[in-house]
Amino acid sequence: MSNHYSDIDRLISLYLSNRASESEKQELEEWLQASEANRDVFRQLKKVWATPARHEHSDELHSVRDQIWIEGTEPQPEVLLSKPRRLHVVYWSKVAATLLIFLMGAWLLSYLIQRNTTVIPETVDLVSQVNPAGQRSTHRLPDGTKVWLNAESSLEYPEKFSDTLRLVKLKGEAFFEVAKDRSKPFIVEADGTKTEALGTAFNINAYPENSSVTIALLEGKVRIEDIAHRQTAILSPGEELLATKETEHFDRRAFDYEKAFGWKESILILDGVNFVSFCRTIEKWYGVKVKVNGTPSDDWHIRARYQHEDLRHVLRDICFNKNIEFEINDKNVVLTF
């Protein structure tokens with residue numbers, strides 16, 4: 000496509016939008032004087048430009064001019080030839096001009112109408128599942144994926160997944176049994192990480208107070224991305240990955256099944272936790288508030304395992320072991336040293 004076509008298109012656009020300089024007006028005038036066919040084209044375009052739909056779109060015409068001008072169809076200046084030859088040139092010049100007018104007019108009308116039509120995207124309702132402290136739940140997603148949602152956790156997902164992607168957002172901790180669908184990757188966004196799977200079972204621990212996000216893979220394969228630091232890793236079954244929030248560090252290691260997944264079977268693991276972590280775990284697990292009277296020793300740690308045990312049983316066991324007095328008043332627990 001020649002530069003000449005582009006120049007004429009630009010000149011017409013500038014002139015019709017009252018933005019042409021004196022030199023540009025002169026250049027357009029010379030083009031109009033070159034042939035009657037050129038003037039016919041201009042008159043027809045001027046009529047199209049006067050339609051109500053064209054407002055505010057002249058600035059954009061030059062950016063799409065390659066769609067307007069069709070190579071080889073620009074009307075050419077008349078040339079003095081012998082009569083038969085001259086008639087032949089004039090005839091085909093008029094044919095080309097007519098075709099050009101039709102194409103340019105049709106395109107401009109279509110373009111301007113489309114530009115004035117507001118496209119309203121389809122809205123999809125979101126579902127939000129929220130668990131307070133002391134509550135765990137299971138959910139079935141629209142694709143058949145099963146989710147175990149831990150206490151103090153929330154999960155957000157659309158009522159209907161798109162045709163290309165299954166995206167959910169997690170705060171806290173959840174275990175996923177992902178329904179297989181290789182045409183739609185399953186992605187979990189959690190505290191700055193993305194975990195992608197096609198069909199697999201994995202756990203994500205992404206509580207805000209934790210210094211890292213932990214992803215443990217039970218079966219299948221997942222791809223993990225640290226969004227901020229642009230790091231990626233692929234996990235195999237039996238591996239877990241700790242993504243430190245403040246750095247680019249990924250720590251890959253083997254996991255203990257009960258420590259990683261036991262919570263969804265009501266197994267409470269206290270793996271050498273200090274006193275602060277113990278109180279936080281009790282609050283989250285049982286939905287209570289812990290108040291402390293006195294000060295525990297610096298080397299205070301507890302290691303224990305409970306399954307389907309109530310709060311009183313757990314406190315009685317640990318407080319006896321650590322020589323602590325406890326009191327339960329509804330949703331409040333008082334520990335006294």
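Residue numbering for the sequence shown is 0 to 336, as defined by numbering that gives the first Met the number 0.
Cβ atoms here follow ideal geometry from the backbone N, Cα and C, with glycine treated the same way.
Item                                                                                                                   : Value
For residue 270, the residue or residues it bridges with in DSSP                                                       : 302
Opening and closing residue of the alpha helix (DSSP H) in which residue 319 lies                                      : 310-321
Helix, strand or coil at residue 287 [DSSP, three-state]                                                               : coil
Through-space distance from residue 46 to residue 57, alpha-carbon basis                                               : Confidence in residue 57 is poor, its pLDDT being 47 and thus under 50, which makes the residue's placement too unreliable to answer from.
Cβ-Cβ distance between residue 303 and residue 281 below 8 Å                                                           : no
Residue 147 - containing beta strand (DSSP E), residue span                                                            : 145-148
Helix, strand or coil at residue 6 [DSSP, three-state]                                                                 : helix
6 Å Cβ shell around residue 66 - same chain, five flanking residues per side excluded                                  : A caution first: residue 66 carries a pLDDT of 44, below 50, which makes its placement in the model too unreliable to give a value.
Pair within 8 Å by beta-carbon distance, residue 335 and residue 292                                                   : yes
Rounded Cβ spacing between residue 231 and residue 222 (contact assumed at less than 8 Å)                              : 6 Å
Counterpart residues of residue 214 in DSSP-defined beta bridges                                                       : 203, 240
Minimum C-alpha distance to residue 207 - residue among 320, 170, 286                                                  : 170
Burial state of residue 156 (16 or more Cβ within 10 Å)                                                                : buried
Residue 19 and residue 10 closer than 8 Å at C-beta                                                                    : yes
Inter-residue spacing [alpha-carbon to alpha-carbon] between residue 147 and residue 133                               : 14 Å
Residue 175 classed as buried or exposed, judged by whether at least 16 other C-beta atoms fall within 10 angstroms    : buried
Pairwise C-alpha distance: residue 198 and residue 181                                                                 : 7 Å
Alpha-carbon to alpha-carbon, residue 178 and residue 70                                                               : No answer about residue 70 holds up, because its pLDDT of 40 lies below 50 and its placement is not dependable.
Spatial neighbours of residue 130 in its chain, beta-carbon cut-off 8 Å, leaving aside the 5 residues before and after : 136, 148, 149, 150, 151, 152, 153, 171
Residue 285 versus residue 268: straight-line alpha-carbon distance, rounded                                           : 14 Å
Straight-line Cα distance separating residue 166 from residue 191                                                      : 14 Å
Where residue 152 sits in the DSSP three-state scheme                                                                  : strand
Separation of residue 216 from residue 250, as counted between CA atoms                                                : 14 Å
Residue environment, residue 144, which counts as buried when at least 16 other CB atoms sit within 10 Å               : buried
Separation of residue 288 from residue 330, as counted between CA atoms                                                : 6 Å
Spatially closest choice to residue 307 from 15, 261, 239, by CA coordinates                                           : 261
Nearest neighbour of residue 183, chosen from 161, 168, 173 [CA to CA]                                                 : 161
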